[in-house]
Each structure stands twice: as C-alpha cells, then as structure tokens.
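Notes for the one structure printed next.
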Amino acid sequence: ARVRHPSATVSRRAEVGAGVYLGARCVVNIRAAIRDHAIINTGAIIEHECRIGANAHIGPGAVLCGNVTVGDGTLVGAGARVIPGVQIGAGCVVGAGAVVVRDMPDGSRAVGVPARLRG
11 ARVRHPSATV
21 SRRAEVGAGV
31 YLGARCVVNI
41 RAAIRDHAII
51 NTGAIIEHEC
61 RIGANAHIGP
71 GAVLCGNVTV
81 GDGTLVGAGA
91 RVIPGVQIGA
101 GCVVGAGAVV
111 VRDMPDGSRA
121 VGVPARLRG
C-alpha cells in the first residue's frame, strides 16, 4: 500500500514502490522511480528520470533536478537542491538548504552552498 496525499502530483509514467509516502503538494515527474518505503515529503519535487532508493527520505521542499540518483536509506534535507545528473550514494545525509553539485559516495554527509562533504 502507498500513502498519497490528494494534492500530490504523480506522473502516470513514474514508478512508485510499495509503502511509499507521497506528501502534500509533492511532484513526481515522468520516468522517475521511487523504491519501496521511501518518503517524498511535503512540497518536494522529483524531476524526470530520478531514481530514489528504498527507505530514502526526501525532505519538505527539496528539489531533485532531472536524472538524479538517491541511494537507499539516504536523507535529503528540507529545502535542499540537487543539480541534474548527480548521484548520491546509500546512507548519505544532505543538510537542509544544501545545493549538491557533485556526486556523493556512500555514507557521506554534505552541507552548504555549494554542498561540501563533512566527516
């Protein structure tokens, strides 16, 4: 089962896995793929051809531009932005308001504008 707020906009050509939460006013565009038990929170935008891993959390107001990959169990914080084509690994944390312009390896953390990796 999925939980989808009535104001969520999801392309008919997007794939949404089991147990996914789609919050109020979120947008999931064409050919995006969201794996099981992910959270797409209030007002988040998942653009075309993005891939969101299982148990990932896309925070309120975050924007993933086209062809972004987010690994399993990763948190993308509130209001964060990820430019097109960036790959974020599994188990990562992207801080609130960060702007990710480079790939992030598994288990990494990034904050700031532009986002920089932190220990």
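Here the sequence shown stands for residues 11 to 129, numbered as in this note's numbering.
The beta carbon of each residue, even a glycine, is placed where N, CA and C say it ideally should be.
Practice task
Could you check which residue in Ala-100, Gly-83, Gly-101 and Asn-77 has the C-alpha nearest to that of Val-92?
Solution key: Taking the sequence shown and counting its residues from 1, one reaches residue 92 at position 82. For the residues Ala-100, Gly-83, Gly-101 and Asn-77, the minimum Cα distance to Val-92 belongs to Asn-77.
Problem - Cβ-based neighbour list, Val-73, same chain, cut-off 8 Å, excluding 5 preceding and 5 following - result: The count along the sequence shown starts at 1 and reaches residue 73 at position 63. So the list reads Ala-54, Ile-55, Glu-57, Ala-90, Arg-91 and Val-92, once near-sequence residues are dropped.
Exercise for the section: Please report how far the alpha carbon of Gly-105 lies from the alpha carbon of Ile-98, in whole angstroms. Expected result: Within the sequence shown, numbered from 1, the residue matching residue 105 stands at position 95. Within the sequence shown, numbered from 1, the residue matching residue 98 stands at position 88. One C-alpha to the other measures close to 13 Å.
Exercise for the section: Keeping to the same chain, check which residues put their C-beta closer than 6 Å to that of Thr-19; ignore five residues upstream and five downstream. Expected result: Residue numbering aside, residue 19 sits at position 9 when the sequence shown is read from its first letter. Answer for Thr-19: Val-37, listed in chain order.
Practice task
Would you kindly work out how many angstroms separate the C-alpha atoms of Met-114 and Ala-66, rounded to a whole number?
Solution key: Within the sequence shown, residue 114 is the residue found at index 104, counting from 1. Within the sequence shown, residue 66 is the residue found at index 56, counting from 1. Straight-line Cα distance between these residues: approximately 15 Å.
Practice task
Would you mind reading off the limits of the beta strand (DSSP E) that contains Val-30?
Solution key: One-based indexing of the sequence shown puts residue 30 at position 20. Where Val-30 is concerned, there is no enclosing beta strand (DSSP E), given that its DSSP letter is neither H nor E.
Handout entry: Residues sharing a beta bridge with Arg-126, DSSP
Key = Here residue 126 refers to the residue found at position 116 of the sequence shown. Arg-126 is bridged to Val-121.
Exercise for the section: Could you name the residues of the same chain whose beta carbon sits closer than 6 Å to that of Val-13, not counting the 5 residues immediately before and after it, in chain order? Expected result: The residue you call residue 13 lines up with position 3 of the sequence shown. Beyond the five residues adjoining it in sequence on each side, Val-13 comes within less than 6 Å, by CB distance, of Tyr-31 in the same chain, given in chain order.
Exercise for the section: Can you say whether Leu-85 is buried or exposed, counting buried as having 16 or more other CB atoms within 10 angstroms of its CB? Expected result: Translated into the one-based positions of the sequence shown, residue 85 becomes position 75. Leu-85 should be labelled buried.
Handout entry: Contact under 7 Å by Cβ, Val-110 with Ala-125
Key = Within the sequence shown, residue 110 is the residue found at index 100, counting from 1. Within the sequence shown, residue 125 is the residue found at index 115, counting from 1. The answer is yes: Cβ separation under 7 Å.
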